[in-house]
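Residue numbering for the sequence shown follows the working numbering, starting at 1196 and increasing by one per position.
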Amino acid sequence: MEKKNLDWANIGFGYHQTDKRYVAEYKNGAWGEGKLVDDANVVLSECACVFQYAQTCFEGLKAYTTEDGHIVCFRPDMNAKRMADTAKRLEMPVFPEEKFVEAVCEVVKANAAWVPPYGTGATLYIRPYMMGTNSVIGVKPAEEYQFRIFVTPVGPYFKGGAKPLTIRISDFDRAAPNGTGNIKAGLNYAMSLHPIMEAHRAGFDENMYLDPQTRTKVEETGGANIIFITKDGKLVTPKSNSILPSITRRSLLYVAEHYLHMQVEEREVLFEEVPEFVECGLCGTAAVISPVGKINDHGKEICFASGMERMGETIQKLYDTLTGIQMGNIEAPEGWVKTIL
Ligand code: PLP
Ligand code: COI
């Protein structure tokens, strides 16, 4: 199969319309047969629940080309499960988890020419999403839904690739204590658009959100969980009911413990202890592990010992091991890597 003619190493994190996308419709209480379609447009009633009451959720995962030319994806069953949890919280019907994984494979296969070649640094980002489609004007869930998946080749989420980021403490809150921070609802991202633009206008790469109740504990950023490394090489990551349960973070905890024989701690992390850590990184599907060099707290800087030039040594090891597993160069734990082609 001939690959598309793209400048893979420089594509950035943007949308490229690919050839095929998957659509399944929910009507009369049941999911219909899904299929691949060519049309990238979605045409809906002006009063669709997604437009009026933001009844929409999504997932994000990636497919990779391995050195020996296979196409694989990373832990799609985990995304299927998280989307099911999200759907329940938003009163949406669950898209069956096995069908989710099959549909992911089907779309990736149909767009194989768009999966970036091995070694280019680019990957295929897979975006499953679901929305309430029928007209509702009183506040209530829709009765009809679409589950869709499109794919797009992407490069690094943060421009500058692996260069350490400068993030700032946000005065906005990301999620309420008993709100929707732990699910992948579109509304969590709508609310983050103003804070992220304000952060960019002020010269920062991202926002670090603190817990909204006490503003003393580290939560996460707008699009990634956070990991820290202690002086003695331990991985510490915040535990909170209002952050997204990142599949990358959960995988990293396993990799740290079982591949790199590190100690790991998932616990509440007080913001006041952050200066004691020596490395910091943002982790997620899009972010992979993006190193943080500096945190700005209302003008006061916390500078990590790893500096502003390159990833710290421990985060580099975690990055190499995780991406090695994802790209098939390091043996994966059972069930983590699904071969598509
Ligand atoms: N936190 C937020 C708010 C996100 O949007 C994402 C991205 O999916 C993550 C964390 C990382 O999650 P994952 O590793 O499952 O992609
Ligand atoms: C992902 O990592 O898949 C996300 O959804 C994060 C988003 C900021 C692109």
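Just so you know, even glycine gets a beta-carbon here, dropped at the ideal spot from N, CA and C.
DSSP places E1301 in the uninterrupted alpha helix (DSSP H) bounded by E1292 to A1305.
Per the C-alpha coordinates, the member of Q1341, F1367, A1317 and A1298 positioned closest to E1220 is Q1341. Distance from the C-beta of F1472 to the nearest heavy atom of the ligand COI is not below 8 Å. Nearest neighbour of I1321 by Cα position, chosen from P1348, E1339 and T1328, turns out to be P1348. Of the residues P1323, M1287 and V1310, the one whose Cα lies closest to the Cα of K1294 is P1323. For M1506, DSSP records no beta bridge to any residue.
From the listed residues S1387, P1528, L1231 and E1468, the smallest Cα separation to N1306 is found for L1231. In the structure shown, V1450 falls within a helical segment according to DSSP collapsed to helix, strand and coil. Per DSSP, the unbroken beta strand (DSSP E) holding I1484 starts and ends at V1483 to D1492.
For the options V1464, V1450, P1486 and L1536, the alpha carbon positioned closest to that of A1527 is the one of V1450.
The straight-line gap separating the alpha-carbon atoms of S1435 and G1356 is approximately 28 Å. Taking a cut-off of 8 Å on C-beta distances, the stretch 1350-1370 does not touch the stretch 1237-1256, as fewer than three cross pairs fall below it.
Runs of beta strand (DSSP E) with 3 or more residues, each lying fully within the stretch 1386-1461, are found at 1401-1405, 1413-1416, 1420-1424 and 1430-1433, listed in chain order. One Cα belongs to M1196, the other to A1308, and the distance between them is close to 7 Å.
When V1218, L1382 and G1479 are compared, the shortest CA-CA separation from V1299 is found for V1218. Distances from the CB of C1478 to the heavy atoms of the ligand PLP include at least one below 8 Å.
Fewer than three pairs of CB atoms, one per stretch, sit closer than 8 Å, so the stretch 1454-1470 makes no contact with the stretch 1479-1487. Annotation for T1251: V1245, M1326 and G1381 place their beta carbon closer than 6 Å to its own, counting only its chain and skipping 5 residues before and after.
Exclusion of the five residues before and after N1377 leaves N1436, S1437, I1438, L1439 and P1440 as the residues of its chain whose Cβ lies within less than 7 Å of its Cβ. Non-local C-beta neighbours of G1227 in its own chain, meaning closer than 8 Å and more than five positions away in sequence, comprise A1219, E1220 and Y1221, ordered along the chain. Judged by pairs of C-beta atoms under 8 Å, the stretch 1490-1507 does not touch the stretch 1326-1335, as fewer than three such pairs exist.
Taking a C-beta distance under 9 Å as the contact criterion, C1478 and L1447 qualify as a contact pair.
Nearest neighbour of G1476 by Cα position, chosen from T1213, T1432, T1281 and A1385, turns out to be T1432.
Per DSSP, the unbroken beta strand (DSSP E) holding P1323 starts and ends at T1318 to G1327. DSSP, read as helix, strand or coil, puts T1315 in coil. Within the same chain, W1203, T1260, A1317, T1318, L1319 and P1348 come within 7 Å of P1311 by CB-CB distance, once the 5 residues on both sides are set aside. Not one heavy atom of the ligand PLP is found less than 8 Å from the C-beta of A1279. The closest CA to that of G1224, considering only V1289, F1253, A1370 and A1397, is found on V1289. Assignment of beta-bridge partners to G1479 by DSSP yields V1483. Residues of the same chain with a CB within less than 7 Å of the CB of M1457, apart from the 5 flanking positions on each side, are G1428, K1429, L1430 and A1451 in chain order. By the Cβ test, the stretch 1499-1518 is in contact with the stretch 1467-1474, since at least three Cβ pairs between them sit closer than 8 Å. Looking at P1407, A1249, I1520 and Q1247, the one whose alpha-carbon comes closest to that of R1369 is P1407.
Per the Cβ contact rule, the stretch 1264-1274 is in contact with the stretch 1515-1533 (3 or more Cβ pairs under 8 Å). Close CB contacts of H1389 within its chain, under the 8 Å cut and outside five residues either way in sequence, are with F1367 (chain order). When the beta-carbon positions are compared, N1524 and E1338 stay at least 9 Å from each other. Of I1520, M1287, I1421 and G1418, the smallest CA-CA separation from H1453 is found for I1520.
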